[in-house]
Each structure stands twice: as structure tokens, then as C-alpha cells.
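Accompanying notes for the structure given below.
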Amino acid sequence: MALSLGWHIILACFGVAFPAIIFAMHVIGLRRGNEHALVLAQRWAKVSAVLFAIGAVSGTVLSFEMGLLWPGLMGTFGDVLGLPFAFEGLAFFLEAIFLGIYLYGWGRMPAKQHLLMIVPMAITGVIGTYCVIAVNAWMNVPVGFKVVDGEVTDIEPWAVMFNPAAFWQFLHMWLAAYMVAGFAIAAVYAVGMLRGRRDERHRLGFRVAMAFASVSAVLQPFVGHLLGGRLAQWQPAKLAAFELATETEQPAPLRLGGILIDGEVRYALDIPYLGSLIARNSFNKPVVGLDEFPADTHPPVNITHLSFQLMVGLGTLLALVAVVYWFAQWRGRDLAEWPWFLRFMATGGVLAIVAMEAGWIATEVGRQPWIVQDVMRTPEAAGDNPGLWWLLGATTVVYTAMTIGAIVVLRSMARRWRAGETDLPSPYAPDPLGSEDPAATGGEVR
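Residue 13 is where the sequence shown starts when you use our numbering, and the numbers rise one by one after that.
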């Protein structure tokens with residue numbers, strides 16, 4: 013499940029963020045008559061379609077794995093989780109429909125109507141993501157049911173859908189999606205400019221992607237702080253693992269680095285008071301330590317703590333880079349002219365992905381040993397099928413093949429675009445209506 017989710021979540025980020033980024037580029041093209049923006053909007057939509065198709069496969073695998081790997085969870089709480097999963101499936105199909113309309117609408121629809129086809133894509137992408145995050149948030153803060161004589165009763169589907177942790181956890185993931193998509197797209201154009209392709213199209217693609225990445229990167233630490241502050245109430249043991257707090261401390265220091273060896277914290281740098289400030293919004297409130305909880309309810313401390321710190325460290329680095337970039341722009345200096353900055357930005361997409369993956373590791377491992385906090389332990393939910401190792405092997409092969417396929421297809425598309433082809437053939441597309449160059453019509457019917 014870790015392999016499947018860790019792989020699929022990268023594609024999910026593009027499903028959430030790419031429609032809005034494409035919309036912004038398309039608006040620039042129409043409002044300013046910028047042919048480069050229209051070309052980029054069409055090309056990005058085709059890239060989005062490739063990623064969407066691959067994401068559909070990995071998402072289907074995840075659906076099967078929920079039943080195969082976690083029969084205890086789904087058998088017990090399937091009725092509780094039904095509503096958000098149903099809405100997620102509906103949102104997925106609606107997003108696919110409007111993506112198809114937008115792709116094949118170039119030159120066949122009035123420009124404004126064609127542009128508006130992106131809006132449902134963006135909305136359904138957000139709804140689908142919220143529904144999935146609502147399920148995970150419910151696992152952290154379970155509500156909307158009662159357990160009577162071992163049976164789940166009095167189910168309140170809307171309470172599950174809008175559980176207390178859902179909004180903040182979704183907002184954190186939503187910004188992470190824009191960071192991943194924005195920095196990844198900017199990285200593509202940074203590599204292109206390092207190779208000498210410094211035309212207006214590359215500069216525009218870099219600037220627009222960087223704008224989305226920067227806003228999300230700067231906002232993310234504040235949203236993360238608001239979410240983290242609620243852990244003292246919802247999941248205090250997870251907070252203790254995040255902070256590497258083996259004992260309750262008042263005031264608590266901010267502990268940078270460090271690992272737990274034989275019950276002792278080693279190799280850590282403590283900054284007095286900041287732990288209480290960050291975790292509790294106070295210079296003197298305590299951070300509850302792991303010693304307050306039974307030993308068999310402690311999460312794996314080292315991986316939880318280090319993953320959390322990796323997420324925070326990389327997120328802070330990317331936010332600082334974004335601030336420096338736009339400050340330099342304001343002062344009339346374009347850092348995209350500097351090779352050292354482009355070299356760093358070429359790694360920005362990877363850094364954003366690593367930060368997101370580290371955040372999810374911290375979230376999921378930090379909840380252990382519970383799959384549903386304080387209600388069901390992970391071993392109670394997991395299946396015991398000796399054939400699961402074969403499933404893991406098959407899943408690894410499938411994801412490896414899809415990764416290679418995505419790289420081959422996207423590189424082929426980029427190579428043909430650089431060779432001057434204005435449009436690539438699409439499967440099951442309507443018959444072409446003359447030239448498909450979006451700059452020639454701005455999306456108007458010919």
C-alpha cells in the first residue's frame with residue numbers, strides 16, 4: 013500500500029493543480045493575444061491527459077488493494093466510508109469528461125466556452141481529492157459512528173465527510189499538490205533554458221509555473237503550523253514523535269535532527285522555547301512526551317521524527333527560494349538568467365516530491381499502531397494472505413512499466429514539439445477541422 017500510494021500521489025498532485033495552471037495560461041493567451049501562452053495551454057493539456065490516464069490505472073489498483081490488503085478495515089467500516097469514496101469516483105469521471113471536451117475543443121468551440129471547460133476539471137479535481145483526504149483525516153480523528161456489542165451503528169455519513177481534521181489536512185495537501193506540480197513544471201523549463209532554449213515560450217512556462225509554486229510554498233508553512241497545532245488534541249503521541257519528546261517538557265525546545273537510541277535522544281540540536289511556540293503557540297506550554305502513553309501505543313519514533321523534519325526542512329527551503337526569486341524580480345533582476353539558479357530549479361520538482369512523500373510518511377507512520385486512531389489497530393485491519401508477496405511483485409512491475417512508459421511518451425511528445433509539429437495525433441479524436449494550431453484561432457470555431 014505504501015508503494016501504491018507513494019507512486020499514485022504524485023500523479024494526483026497534477027490532477028489537482030494542473031487544470032488551474034492550464035487555465036491561467038489559457039487566460040493569458042486570450043486576454044493578451046499571446047500565441048505562446050495558447051500553445052503552452054494546449055500542450056500542457058495533452059501532458060495532463062497522459063498523466064490522467066496513467067493515474068486512472070494506479071487509482072484502480074488502489075481500489076482493489078483497499079479490499080485485498082485491509083479486509084478488517086473495509087469489512088468493519090465500509091458503510092462509514094462509503095459516501096466520500098462514492099463522491100470521489102463521481103468526481104473522477106466528471107474530470108475525465110471535461111478533460112476530453114477541453115482537449116478536443118480546440119478550434120471547435122467558441123473561445124470563452126472552450127476556456128470554461130477547464131473550470132469543472134479544476135473543481136472536480138479538488139472535490140475528489142477532498143473526499144480521499146476526508147477518509148484519511150477520519151482515520152486520524154474518527155467520528156460519525158458508534159460501536160455497540162462489536163457492531164458499527166448510528167452511522168452519520170456527513171459527519172465522516174466533514175470530520176474535524178478534514179479541512180486542515182486537505183488544505184495542507186492541496187498546497188502540496190501545487191508545490192509539486194508548479195516546481196516540477198518549472199524544473200522542465202529550467203532544464204530547457206540550461207540547454208540554451210531561452211525563447212519566450214520557455215520563459216513564460218517557467219514564470220507561470222513558478223508563480224503557482226511560490227504562492228503555495230509560502231502559504232504552506234502557515235497551514236502546516238495550524239494543522240500541527242491541533243495534534244496536541246487529536247494525536248498527542250504523534251506530536252511527541254514529531255518533536256522527539258521522550259518526556260513532557262515545559263517549556264519544550266525545538267529539537268533539530270537527532271535520533272532515539274535505547275530510549276535516549278542523541279545527536280540533536282535543541283533550541284529553547286521554540287518547541288512550545290511551534291507546537292502550542294506559547295513560549296511556556298508543555299509538549300506531552302511519549303512517557304505519558306503506554307509503550308505499545310508509541311509510533312516508530314525515529315522514522316516519524318526524521319520524515320517530519322525532512323518535510324519541514326525542504327518545504328522551508330523551497331519557500332525561501334520562492335521569496336528570493338520574486339524579490340529579485342521586483343528589484344529588476346531575473347534569476348532565470350543565472351545558471352546556478354536554473355541548476356537548483358532543475359531539482360525543484362524532485363525536492364517538492366520528496367517533501368510531500370516525507371510528510372505522508374510522517375502522517376501515516378506517526379498514527380501507528382492505529383489504522384483508526386484509538387479504535388482499530390493496524391494488525392486487526394490487515395489481511396493474512398500468503399499470495400500478497402506475489403501481488404507486491406506484480407504491482408512493482410506494473411508501476412515500473414508505467415513509469416518507463418510515461419517517460420518515453422512525454423519525451424517523445426517534447427521531442428516532436430521541438431521539431432516543429434504543431435499538433436500530435438490523439439486517439440479517438442474527432443476529425444480535424446483544418447489547422448489545429450491554437451494560436452491561429454484562439455480556440456474559436458472555424
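Even for Gly, the Cβ is constructed at its ideal location relative to N, Cα and C.
Bear in mind that the values here come from a model prediction, so they are computed numbers and not experimental data.
query	result
When D91, L231, P312 and D211 are compared against T258, the one with the closest alpha-carbon	P312
Own chain, CB closer than 8 Å to L363, minus 5 neighbours either side, in chain order	F195, L326, L329 and L330
Sequence-distant residues of its chain with Cβ nearer than 8 Å to V235 (five each side left out)	W180, L183, H184 and L187
Opening and closing residue of the beta strand (DSSP E) in which Y279 lies	E276 to I283
First and last residue of the uninterrupted beta strand (DSSP E) at L50	Taken as a continuous stretch (DSSP letters only), L50 belongs to no beta strand (DSSP E), being part of the alpha helix (DSSP H) at E47 to L81.
W382 - containing beta strand (DSSP E), residue span	W382 to V384
Buried or exposed by the 16-neighbour rule on C-beta atoms within 10 Å, applied to F254	buried
Same chain, Cβ closer than 7 Å to P154, five either side skipped, listed in chain order	V384, Q385 and V387
6 Å CB neighbourhood of I167 in its chain, flanking five on each side removed	D91, V92 and F157
Same chain, Cβ closer than 7 Å to L106, five either side skipped, listed in chain order	P132 and T136
The segment 27-41 touching the segment 53-62, judged by at least three CB pairs closer than 8 Å	yes
For G261, the three-state DSSP class (helix, strand or coil)	Residue identity check: residue 261 is Glu in the sequence provided, not Gly. Of the three classes helix, strand and coil, the one that applies to E261 here is strand, per DSSP.
Cβ neighbours of L400 in the same chain (closer than 8 Å, five flanking residues each side left out)	L80 and L81
CA-to-CA distance, S228 to P94, given in whole angstroms	Note that residue 94 is Gly in the sequence shown here, rather than Pro. In a straight line, the C-alpha of G94 is about 31 Å away from that of S228.
Residues that A271 bridges to, as DSSP identifies them	Rather than Ala, the amino acid found at residue 271 in this sequence is Ile. In DSSP, I271 forms a bridge with R278.
For L50 and L422, the rounded distance between their alpha carbons	19 Å
Residues near A193 in its chain [Cβ-Cβ closer than 6 Å; skip 5 each side]	C25, F26, A29 and F30
Beta-carbon gap between I34 and I130 smaller than 9 Å	yes
8 Å contact criterion, which E276 and G301 should meet: CB distance rounded	Contact flag wrong, Cβ pair sits at about 13 Å.
Under 9 Å between C-beta atoms of R242 and A177	yes
N-terminal and C-terminal residue of the beta strand (DSSP E) that V387 is part of	No beta strand (DSSP E) holds V387; DSSP gives it neither H nor E.
Burial state of L23, where buried means 16 or more other Cβ atoms lie within 10 Å	buried
Distance between beta carbons of V164 and F89, contact taken as under 8 Å	6 Å
E163 - containing beta strand (DSSP E), residue span	E163 to T165
Whole-angstrom distance between M323 and W5, CA atom to CA atom	Residue numbering for the chain in the displayed model covers 13 to 458; residue 5 lies beyond these limits and cannot be assessed.
C-alpha gap between L332 and G417, whole angstroms	35 Å
Check whether Y279 and G270 have beta carbons under 9 Å apart	yes
Range of the contiguous beta strand (DSSP E) that encloses V366	Element bounds for V366: not the beta strand (DSSP E) but the alpha helix (DSSP H), G360 to R379.
Residues near M151 in its chain [Cβ-Cβ closer than 6 Å; skip 5 each side]	V384
Spatial distance of L256 from S319 (CA atoms)	12 Å
Residue from V230, Q232, N314 and A223 with nearest C-alpha to L268	N314
DSSP state of K297 mapped onto helix, strand, coil	coil
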